[in-house]
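A.B. asks:
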Amino acid sequence: MCGIIGYTGPLEAPKILLEGLSGLEYRGYDSAGIALCMEDSRICLLKKAGKVKNLKEHCKQLVAGSSHSGIGHTRWATHGGVTDVNAHPHRAGKVVLIHNGIIENYHALTERFQLQDCLVSQTDSEVAAQVLNKLYQGDPLDAIRNLIGLLRSE
Ligand code: GLU
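Quick note on my numbering: the sequence shown kicks off at 37 and runs consecutively.
1. Got a sec? Which residues, its chain only, sit under 7 Å from A49 by beta carbon, not counting five neighbours each side?
2. Nearer than 7 Å: is that true of the beta carbon of S189 relative to any heavy atom of the ligand GLU?
3. Under three-state DSSP, which class holds L168?
4. Here's the rule I'm using: 16 or more other beta-carbon atoms within 10 Å means buried, otherwise exposed. How should E75 be labelled?
5. Quick check: S58 and R111, are their CB atoms within less than 8 Å of each other?
6. Using the Cα positions of L177 and K130, report the straight-line distance between them to the nearest angstrom.
7. Using 8 Å as the cut-off, can you tell me whether the stretch 134 to 146 makes contact with the stretch 81 to 101, which would need three or more C-beta pairs spanning the two stretches below that distance?
8. So does N122 have its beta carbon nearer than 7 Å to some heavy atom of the ligand GLU?
9. My parser needs the beta strand (DSSP E) runs of 3 or more residues fully inside the stretch 48 to 96; what are they?
10. Is there at least one non-hydrogen atom of the ligand GLU closer than 7 Å to the beta-carbon of A165?
11. Kindly indicate the opening and closing residues of the beta strand (DSSP E) around L133.
12. Taking just the CA atoms, how far does L187 sit from L145?
13. List the DSSP bridge partners of R181.
14. What's the C-alpha gap between I52 and I41?
15. The ligand GLU heavy atoms versus the CB of R111: any closer than 7 Å?
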């Protein structure tokens, strides 16, 4: 079962997110990742198959104080193999998404929104990120509400 954590505030986001993901390890997972909003407003994605320890190692490249906001995920793969690319978060344009569970109608959504050529992972979750990016017209809540109306899950 996956774990999800988010943080925004004065502290170092990578440290809080990685500690949080370590605390969620007991739930079981096969890969882990974080997305950070950097000081210069760029988004930084760091994702690794395997233990949170691998992700922590990967995150050593980050400069201290470079981010105070982000999201993190431990994945339990249901759709697509256990790879760095399939680990969450998934990015599509302005959207960065993490997801727990199964999107039953991801094939239908892929066809309806003609996503075949823009998907980079094999996950059902990335389809949700891509659809949300297509629905986004400047109001995030509107886009999320519309997305939720389209998703079918168990
Ligand atoms: N179905 C998604 C995937 O395979 C999410 C799995 C999960 O709940 O961690 O990436």
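From the three backbone atoms N, C-alpha and C, an ideal C-beta is built for every residue, glycine too.
C.D. replies: Based on what the coordinates show:
1. Y43, L72, S103, H104, S105, G106
2. no
3. helix
4. exposed
5. no
6. 14 Å
7. no
8. yes
9. 67 to 74, 79 to 85
10. no
11. 131 to 133
12. 8 Å
13. Partner(s): none; R181 has no beta bridge.
14. 9 Å
15. yes
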